Structure formats: structure tokens, C-alpha cells
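Okay, structure first, notes after.
Residue numbers (the working numbering): 28 to 263.
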């Protein structure tokens, strides 16, 4: 009985050692696999037309009679608003700002030469609209305002139209999926070239979305871009 019990105990110990060795070997193998990774980047880039536009329209004037200058500003503001409405821009999209008046005599120092016209003005009328194509069409017709004697400030940086794409949350899911699939294709090719099998995702970084104009000639067309960075395990 004692001999039999000893044999059973010995066999149990042997099996335990074998099992433990197998477990350790398997764990080491899994660890090695987990440590073998390939880092890839997946790109998704699409173009969308902006769905919102902010268009500041500025005109300037000058004179020596302040009340008369204010009167012309009001008249020209009405002309600009009327023009915008005639080309199809909604009235509630048009905002007439407060005119900026500069008294050149008050700003003059020393005995310098006096400016021929004492007062100068800048008036800004802003269009904030989702009618992007209508507004773009109006921009091509501003010559009609110049023909009415309105002097526009078109070269200032603060009067350039600003186009905005607001539907980013609507396109995010599809673009993230596209970037992820693109990354996987790159990883699969790498695994194939290295005679390995692609494993699971070890780590993933979605990346930030960026929105920019296609170019300076097409500011209303927005380029939306995202790059995802993903670590995949490799299996021999």
C-alpha cells in the first residue's frame, strides 16, 4: 500500500511538473506574440462643400460734414441690403453693424498738414448664411454696388469670406471606419511580407480630425482628414 501510494504521488508530481511546464511555455509563447507588434497608420480623407458662410461686406466714405456722412452711410447700407435681398439672400441673414468714424483732426499731432477730409468711415454689413451657393453668386455681382458709387474694401484680411463645415459629427463614423480598414490592409500586407499572421489589435489611437480648404481658389470646398494609428500583434 505504501509503495502504491508513493507511485501515485510520484506520478502526480510528474504530471504537475509537465502541466506547469506546458503552462509556462504557453505563457511565454503568448508573451512573445504579444510583444511582436506592427504599428500602422490608416488615412481617411474626403471633400465636402461648406454648409455655412460668413461674408463681411465693408464700404468706406469720407467727408467734412459729419451729419451728411452719416446720412450717406445709412443710404448706402440700405442699397447693400437691398442688393443682397434681390440676389436671394434671406433678410434675417443680414446684419448691419455700427459704423466706425474717425476724426482725423482730433488725431492730428503737431503742425502737420491737415487732411483734406476730416471724417472717414468704415461700415460693415455681415451675411451669416447657410445659402452658400447663393452667397457665392452674390460675390460675383458686387460690381453692381460699385456702379452705385459704393466704395468697397475688398482687400482687407478681415473682409474675406469664411466658409465653415459644421457636419463633422455626421461623417466621423464612416471616416473612422475607413481609416481603420485602411490601417488593417497595410498591416496585413506587412504580415504577409514578413511570413507572419496578423493578430489582434493591441493599441489604437483614433487621431484628430482636421478641416482645411482645398486650396486658396476653392475655400468653400473643405478637406476633412483623419489618421488612425493602430498596433497589431504578429503571430509566427
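Positions of the beta carbon are idealized from the N, C-alpha and C atoms, including for glycine.
A quick note: this is a predicted structure, and the numbers were derived from the prediction, not measured.
- Excluding residues up to 5 positions away in sequence, 71, 73, 236, 251, 253 lie with their Cβ nearer than 8 angstroms to the Cβ of residue 202 in the same chain.
- In the DSSP assignment, residue 142 is bridged to no other residue.
- With contact defined as three or more Cβ pairs closer than 8 angstroms, the region 186 to 200 and the region 104 to 122 are not in contact.
- Taking the C-beta atoms as reference points, residue 207 is found nearer than 8 angstroms to residue 257.
- Inter-residue distance for residue 93 and residue 143 is about 14 angstroms (C-alpha atoms, whole angstroms).
- Proximity to residue 149 across 165, 222, 83 peaks at 83, based on C-alpha coordinates.
- By the criterion of a C-beta distance shorter than 6 angstroms, residue 240 is surrounded in its chain by 246, once the five residues flanking it on both sides are discounted.
- The alpha helix (DSSP H) runs of length 4 or more contained entirely in the region 207 to 235 do not exist; there are none.
- A direct Cα-Cα distance of roughly 26 angstroms separates residue 97 from residue 166.
- Between residue 88 and residue 186, the gap from beta carbon to beta carbon reaches 8 angstroms or more.
- The residue among 147, 91, 157, 85 with its C-alpha nearest the C-alpha of residue 76 is 157.
- Cβ contact annotation for residue 115 (same chain, cutoff 6 angstroms, sequence separation greater than five): 161, in chain order.
- A distance of 8 angstroms or more separates the beta carbons of residue 225 and residue 63.
- Here the C-alpha atom of residue 169 lies approximately 13 angstroms from the C-alpha atom of residue 152.
- Per the C-alpha coordinates, the member of 217, 172, 255 positioned closest to residue 231 is 255.
- Around the beta carbon of residue 133, a 10 Å sphere encloses fewer than 16 other beta carbons of the protein chains shown; the residue is thus reported as exposed.
- Annotation: residue 171 to residue 159 spans about 20 angstroms, alpha carbon to alpha carbon.
- If only complete runs of 3 or more residues are kept, the region 144 to 190 shows the beta strand (DSSP E) at 146 to 156, in order along the chain.
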